[in-house]
Amino acid sequence: MTAYLLEHALLPDGVASGVRLEVVDGVITEVGTGTAPTHVPGLTIPGLANCHSHAFHRALRGRTQAERGTFWTWREQMYAVAADLTPDSYFELAREVYAEMRAVGITAVGEFHYLHHQPDGTPYDDPNAMGRALLAAADDARIRIRLLDTCYLAAGFGREPEGVQRRYSDGDAHAWAERVAALDDDRVGVAIHSVRGVPPEQLATVVEAAAGRPLHVHLSEQVAENDACLAATGRTPTRLLADAGALGPLTTAVHATHLSDDDVRLLGETGTRVCFCPTTERDLADGVGPSRRLHEAGAVLTLGSDSHAVIDLFEEMRAVELDERLVTQRRGHWAATELLAAATVGGHASLGFDDAGAIALGQRADLVTVDLDTVRTRGCGATPETLVFAAGGADVRPFPEEGTR
Ligand SMILES: [Zn+2]
93 MTAYLLEHAL LPDGVASGVR LEVVDGVITE VGTGTAPTHV PGLTIPGLAN CHSHAFHRAL
153 RGRTQAERGT FWTWREQMYA VAADLTPDSY FELAREVYAE MRAVGITAVG EFHYLHHQPD
213 GTPYDDPNAM GRALLAAADD ARIRIRLLDT CYLAAGFGRE PEGVQRRYSD GDAHAWAERV
273 AALDDDRVGV AIHSVRGVPP EQLATVVEAA AGRPLHVHLS EQVAENDACL AATGRTPTRL
333 LADAGALGPL TTAVHATHLS DDDVRLLGET GTRVCFCPTT ERDLADGVGP SRRLHEAGAV
393 LTLGSDSHAV IDLFEEMRAV ELDERLVTQR RGHWAATELL AAATVGGHAS LGFDDAGAIA
453 LGQRADLVTV DLDTVRTRGC GATPETLVFA AGGADVRPFP EEGTR
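The sequence shown: position 288 = 380 (our numbering), numbered continuously.
Here it is as C-alpha cells:
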C-alpha cells in the first residue's frame, strides 16, 4: 500500500484540499483525510481520456499549413504518410505520439485504426501486424489503449477503394470481422470508418461483430458526407446508422458536426456518445457541432485530439465552450465540471474503461497533477475553471509512482 497526501484533488463532487489517498496495486482503496509520507503539490486529477486518435497524422503537424494550407494540401500529405508506413515505422511513430500524450496528462487513448495492409492491399504475413504495432507502442509508452479496429471498405457510395485506401480494405465486412477476431486481445474495440467507408448493407455485420465492445464511427464531419448519403440512400448518416442498429450507449459518434434536428434527437434518445475534436475540426475547417443541444438531448460528450495538430485535452475542453460562444454570440453554455467529466469519466467509459476517470474507491489510480504555480496557472486558484480555462498540457506533472518514495 502507498499513501499520498494531495494538496488539492478533483473529486467527483468538486475540488477538495488535503486529501489522503491509499493505493494498492494501482487501485484506490481509500479517499480521506490525515497524513501520508508522499506529499503531492498542485491539483491532482483523474488521467484524461483521448477518445479519438489517428497516430500517424502526428507526422503532418506543422507541415500541412504551407501555401495557406488548403484541405487538399492536408489530404495529399496525409495519404503520402499513410502510403509509407510499415509495422516497424508505425510502432516508432505511435510510441512517440503516445509518449507525448502521457506527458500532457492523457492516460487512455482510443486509436481509430484503419491502416491494416501493405500498400497494394496485400495482407502482411500476420494480417494484424499494424494493429499489433499500435498495441506494442501503447505498452511501451505505458498508456492504456482501446484499439478501435476500423472497417473501411469503400472510397464513397458505390466506389471501390482508390490508391492508398487499398491498405485500409479487407474486401468485405465478413473478412474484416474474421481478421479482427484473429487479433484476440481484450483491448480491441471496433469502428465503422463512416457511412462513406462501409456500404449500407454491410453496416449490420460490423455492429454484430462489436459484440458488446465499444463501437466508434466518424459521423457527419463535413456537409459533403451528408449530401452524398442523402443522394445515395435518401437518409442522413445518423438515420442510416440508426436503421443498421449502430447507435446506443456502446457507440461513440466522432465529430457529429452537421446534424439535423432529427439526428440530434436520435443520438440523444439512443444514449449514443459523441466525441468532439475541436482542434482538428477547426484545423480542417469542418465547422462547429451542436455540443450543448446533443448533451441536452441525452448524448454524452467525450473529447479527442484526432489528427494531433495539437495534443492537449485542456485545449479541447475549453474549445467546446468557446466555439459555442462564437457561434451563438453568448457565453455560459458548459460548466467547467461538465467539460472535465467529458475529458475523464465520460471519455474512459466510451472506451469501455469503467474503472477509470474518477478519484474514488475502487477506481484505478491513473492520476496526473496540474501544477498551479506555472506562468499560466499562478494565482488562478485550485478550481475546475482553472483546469479548463487557464491550464494546458505543459502544466501537467506526472503523479508519483506507487512505492517510489
Ligand atoms: Zn478521425
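Every residue gets a Cβ at the ideal spot worked out from N, C-alpha and C, and that includes glycine.
Proximity test, residue i beta-carbon vs ligand 3 heavy atom, cut-off 8 Å
| i | result |
| --- | --- |
| residue 163 | Ligands in the displayed structure: ligand 1; ligand 3 is not one of them. |
Collapsed DSSP secondary structure at residue i in the structure displayed
| i | result |
| --- | --- |
| residue 404 | coil |
| residue 205 | strand |
| residue 231 | helix |
| residue 109 | strand |
| residue 496 | With a pLDDT of only 45 at residue 496, under the threshold of 50, the placement of this residue in the model should not be trusted; the figure read from the coordinates follows. Note: residue 496 maps to coil in three-state DSSP. |
| residue 490 | strand |
| residue 99 | strand |
| residue 196 | coil |
| residue 94 | strand |
| residue 226 | helix |
| residue 311 | strand |
| residue 185 | helix |
| residue 212 | coil |
| residue 176 | helix |
Cβ-Cβ distance between residue i and residue j below 9 Å
| i | j | result |
| --- | --- | --- |
| residue 119 | residue 455 | yes |
| residue 367 | residue 405 | no |
| residue 260 | residue 207 | yes |
| residue 284 | residue 298 | yes |
| residue 381 | residue 349 | yes |
| residue 484 | residue 196 | yes |
| residue 116 | residue 96 | no |
| residue 467 | residue 489 | no |
| residue 223 | residue 444 | no |
| residue 291 | residue 225 | no |
| residue 144 | residue 308 | yes |
| residue 311 | residue 336 | no |
| residue 331 | residue 358 | yes |
| residue 230 | residue 436 | no |
| residue 306 | residue 442 | yes |
Cβ neighbours of residue i in the same chain (closer than 6 Å, five flanking residues each side left out)
| i | result |
| --- | --- |
| residue 339 | 333, 362, 364 |
| residue 191 | 233 |
| residue 458 | 139, 199, 448 |
Short CB-CB distance (under 9 Å) between residue i and chain D
| i | result |
| --- | --- |
| residue 487 | Note that chain D does not occur in the displayed structure, where there is just one protein chain. |
Contacting residues, own chain, Cβ-Cβ under 8 Å from residue i (five flanking each side not counted)
| i | result |
| --- | --- |
| residue 100 | 107, 108, 109, 111, 134, 135, 136, 464, 474 |
| residue 288 | 246, 247, 248, 249, 317, 320, 321 |
| residue 469 | 462, 463, 478, 482, 483, 487 |
Beta-carbon proximity list for residue i, same chain, < 7 Å, skipping 5 on both sides
| i | result |
| --- | --- |
| residue 371 | 397, 401, 402, 407, 408, 411 |
| residue 104 | 450, 452 |
| residue 149 | 170, 399, 400 |
| residue 194 | 233, 234, 235 |
| residue 515 | Residue 515 falls outside the range modelled here, since the chain spans only 93 to 497, and no answer is possible. |
| residue 98 | 111, 113, 132, 136 |
| residue 276 | none |
| residue 497 | Because the pLDDT of residue 497 is 39, which lies under 50, any placement of that residue in the model is unreliable, and the number read from its coordinates should be weighed accordingly. Around residue 497: 129, 130. |
Q.
Which complete alpha helix (DSSP H) runs does the region 243-307 hold, if anything under 4 residues is left out?
A. Here the runs fully enclosed are 265-275, 295-302.
(Q) So within the region 346-402, which uninterrupted alpha helix (DSSP H) runs reach at least 4 residues, ignoring any that extend past its ends? (A) Listed in chain order, the complete alpha helix (DSSP H) runs (minimum 4 residues) inside the region 346-402 are 353-361, 370-375, 383-389.
Q.
Below 8 Å, how does it come out for the region 398-406 and the region 414-425: are there three or more Cβ pairs, yes or no?
A. No, the region 398-406 does not touch the region 414-425.
Q: Could you pull out every unbroken beta strand (DSSP E) segment of at least 3 residues lying fully inside the region 111-159, listed in chain order?
A: List check, beta strand (DSSP E) in window: 119-124, 130-138, 140-145.
(Q) Under 8 Å, with one C-beta from each stretch per pair, do the region 439-456 and the region 129-146 reach the 3-pair mark? (A) Yes, since at least three Cβ pairs between the region 439-456 and the region 129-146 fall closer than 8 Å, the two stretches touch.
Q.
My parser needs the alpha helix (DSSP H) runs of 4 or more residues fully inside the region 317-351; what are they?
A. Whole alpha helix (DSSP H) segments, 4+ residues: 329-335.
Q) For the region 426-444 against the region 166-179, are there 3 or more C-beta pairs whose distance is under 8 Å? A) Contact between the region 426-444 and the region 166-179 is absent, because fewer than three Cβ pairs lie under 8 Å.
Q) Taking the runs of the beta strand (DSSP E) that are 3 residues or longer, which of them lie wholly in the region 401-479? A) Within the region 401-479, the complete beta strand (DSSP E) segments at least 3 residues long are 459-462, listed from N- to C-terminus.
Q) Does the region 198-214 come close enough to the region 238-245 that 3 or more CB-CB pairs lie under 8 Å? A) The region 238-245 vs the region 198-214: in contact.
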